[in-house]
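The block underneath contains the structure these notes are about, expressed in structure tokens.
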Amino acid sequence: MKKQTFSLLLALLMLTAVSCGDSTQTRTDTPDTISPADTDTASNTVTLLSDTLAENDYNGSLFRIFGETQAMHGDYFTLENETGDVIEDNVYRRNSMTEEKYNIELDFYLVDQGAGKNMITTYIQSGDNSITLFTNTYLNLGALLVQNYFVDWTQIETVDLSLPCYVQEAVETFSIGDKTPLLFGDFMETNILRCWNFLFNKRLIEEYDLPSPYDAVDNNEWTLDYFREMIKDIAKDLNGDSIMNENDLFGFAADSLATLDAFTRSCDLSAIAKDENNLPVLDYFNENVVTAFEKIYALYRESSGSYVAEESLWHIDNLFAKGNAIFAAGRIDLTMNSAIRAMDDAYGVLPYPKLDASIEGYPTYLSGTVSTQMVGVSQPEEAFDMIGTITQALNAYSYDFVTPAIYEITLKTKNTHDEDSIRMLDIILANRQYSFDACDEAVFPLAPNYSVRYLIGGQKTKDIASYYEKNEKKARKWVEDIIAAYED
0 MKKQTFSLLL ALLMLTAVSC GDSTQTRTDT PDTISPADTD TASNTVTLLS DTLAENDYNG
60 SLFRIFGETQ AMHGDYFTLE NETGDVIEDN VYRRNSMTEE KYNIELDFYL VDQGAGKNMI
120 TTYIQSGDNS ITLFTNTYLN LGALLVQNYF VDWTQIETVD LSLPCYVQEA VETFSIGDKT
180 PLLFGDFMET NILRCWNFLF NKRLIEEYDL PSPYDAVDNN EWTLDYFREM IKDIAKDLNG
240 DSIMNENDLF GFAADSLATL DAFTRSCDLS AIAKDENNLP VLDYFNENVV TAFEKIYALY
300 RESSGSYVAE ESLWHIDNLF AKGNAIFAAG RIDLTMNSAI RAMDDAYGVL PYPKLDASIE
360 GYPTYLSGTV STQMVGVSQP EEAFDMIGTI TQALNAYSYD FVTPAIYEIT LKTKNTHDED
420 SIRMLDIILA NRQYSFDACD EAVFPLAPNY SVRYLIGGQK TKDIASYYEK NEKKARKWVE
480 DIIAAYED
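Set out below in structure tokens:
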């Protein structure tokens, strides 16, 4: 990779947000949970996380990173040169600064989405240590965790897990006993892009004289019952053919697949708790789960105002972007789609509605295609110093440069149309939540996202009680295997 020295520009961190229309506004109040730097406005000095990185020289060593490419807005990994795109230029900046600071060469081995699990298995089983850092989407890693294939990050002293460039909620959720095999951080951009959210059409809100959804969020009223009551009867035959389909207008647009998953967090569903030793315990079926299934089912299957597409995320471009839905369930990265960016109507951003007002905040679901970082047990301990140092640098530089480019410019500037939406984005990112069971949804049958999608999306039923009874034994075996792999 070409090396280049970059100046640290204050302008990058004090970004100008240009709203749609003729007005411009300057944002300088990025919340601490997202902003990568502390700014002293009196002296105009910026403290960067990367300024605190350790010094070292690794004499031109190769640092090889394994990862999966994704079809839509995945992790950026590497760029050969600057392109003029603000995110891509800062990915290039991150990698170049890491190489220059530590005298290393970054090399990336990227495979197609879905191929990573088997290839990681092959590398580790063969004792091959040519991959310095593994990255992979976490939804298929359960089988590898059972095999204890990854080094405990707490044993790598050059990584400080308390730094803000790491997603603490995720790191803690996926810890097992006293071990931390998975690391979630800003080096993997999907930790932001794959957050789920709602969108709404401002013109249609006014036309249908609906109350402000922003007020509902602020007043702790943005619940499933509130939302369903708002949209359940909104369905208009626009072309007069008496056939209600994508050519007509609906209160709510979703799909029968991924959009369902996100309700598991907003409804506070998790199949796994942790015991006093931080080991997983099956804890899923209860009255709260039954209620959640009933309310989600009512929204998706018993509301004439809901259009539920069979194709994954098809509804974003084909209904919402065309002005044929007042609300749509989606994901943050989908606001980067060309169809959304070309919308004639102004839109707003919201968190997912939650099960009821007793749930604190508005929990945010992240797709299982969020990427995590791992070190294979085939790596010798003498490599840990460099692995930790470079991993920390990649995450810190991402926190300083790439995350602001995504969050401030791409999400807050180009794709949101008002200060309230920006505030909603802050809520969404600050309330990211994880569930340990999501690391193996293909095998663990009681993963809430899988069970919601399977029952309500596929089978069109809300009978979680029968499903739980049928799958409890298999689920308990999965938990037992995890515990056996990590108990001392």
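The opening position of the sequence shown corresponds to residue 0 in numbering that gives the first Met the number 0, with each subsequent residue numbered one higher. For glycine and all other residues, C-beta sits at the position ideal for the given N, C-alpha and C.
* To do: Look up A283 in the DSSP assignment and say whether it is helix, strand or coil.
  => Position 284 of the sequence shown, counted from the start, is the residue given in the question as residue 283. Sequence check: residue 283 is Tyr here, not Ala. It is coil, neither helix nor strand.
* To do: Please determine if the segment 81-100 and the segment 139-152 are in contact, where contact requires at least 3 C-beta pairs separated by less than 8 Å.
  => no
* Asked: If you draw a straight line from the alpha carbon of N323 to that of F249, how long is it in whole angstroms?
  -> The residue given as residue 323 occupies position 324 in the sequence shown. The residue given as residue 249 occupies position 250 in the sequence shown. If I take the Cα positions, the gap works out to 6 Å.
* Given N317, which residues of its chain have a CB within under 7 Å of its CB, disregarding the five upstream and five downstream residues? -> Working through the sequence shown from its first residue, we reach residue 317 at position 318. Here the set comprises E245.
* Which residue spans inside the segment 228-293 form an unbroken alpha helix (DSSP H) run of at least 4? -> 257-260, 262-265
* **Beta-ladder partner(s) of Y108, from DSSP** => Taking the first residue of the sequence shown as 1, we reach residue 108 at position 109. Paired residues: F65.
* **Supposed contact pair G347 and K201 - C-beta distance, whole angstroms, cut 8 Å** => Stepping through the sequence shown from its first residue, residue 201 is reached at position 202. Stepping through the sequence shown from its first residue, residue 347 is reached at position 348. The Cβ separation is near 6 Å, so the contact holds.
* To do: Report all residues from its chain with a CB closer than 8 Å to the CB of F173; omit the five preceding and five following residues, and keep chain order.
  => Indexing the sequence shown from 1 puts residue 173 at position 174. So the list reads Y137, T179, P180, L181, F183, T371, Y433, F435, C438, once near-sequence residues are dropped.
* Measure the C-alpha to C-alpha separation of I155 and D260 and round it to an integer number of angstroms. => Position 156 of the sequence shown holds residue 155. Position 261 of the sequence shown holds residue 260. The alpha-carbon atoms of I155 and D260 are separated by roughly 34 Å.
* Since P352 and W221 are thought to touch, with beta carbons under 8 Å apart, how far apart are those beta carbons, to the nearest angstrom? -> For this step, residue 352 is matched to residue 353 along the sequence shown. For this step, residue 221 is matched to residue 222 along the sequence shown. The Cβ separation is near 5 Å, so the contact holds.
* Asked: By DSSP, does M385 sit in helix, in strand, or in coil?
  -> The sequence position of residue 385 within the sequence shown is 386, counting from 1. Of the three classes helix, strand and coil, the one that applies to M385 here is helix, per DSSP.
* Would you call the segment 120-138 and the segment 376-395 touching, i.e. three or more CB-CB distances under 8 Å? -> yes
* Just the C-alpha distance for I427 and K473, rounded to the nearest angstrom, thanks. => As a working note, residue 427 is residue 428 in the sequence shown. As a working note, residue 473 is residue 474 in the sequence shown. Taking the straight line joining both Cα atoms gives about 34 Å.
* Roughly how many angstroms lie between the CA atoms of R475 and L281, to the nearest whole one? -> Walking along the sequence shown from the start, residue 475 turns up at place 476. Walking along the sequence shown from the start, residue 281 turns up at place 282. Cα to Cα, R475 sits roughly 7 Å from L281.
* Status (buried if at least 16 other CB within 10 Å, exposed otherwise) for D236 -> One-based indexing of the sequence shown puts residue 236 at position 237. Exposed, because fewer than 16 other Cβ atoms sit within 10 Å of the Cβ of D236.
* Between which two residues does the beta strand (DSSP E) harbouring I325 extend? -> One-based indexing of the sequence shown puts residue 325 at position 326. Where I325 is concerned, the enclosing beta strand (DSSP E) stretches over 324-330.
* Asked: When the Cα of V175 is compared with those of G239, N277, L223, S161, which residue comes out closest?
  -> One-based indexing of the sequence shown puts residue 175 at position 176. Sequence check: residue 175 is Ile here, not Val. Considering only alpha carbons, the answer is N277.
* Asked: Is I315 helix, strand or coil by DSSP?
  -> In the sequence shown, counting from the first residue as 1, residue 315 sits at position 316. Of the three classes helix, strand and coil, the one that applies to I315 here is helix, per DSSP.
* Measuring alpha carbon to alpha carbon, tell me which of L109, T153, D462 ends up nearest I64. => Numbered from its first residue, the sequence shown carries residue 64 at position 65. Nearest C-alpha to I64: L109.
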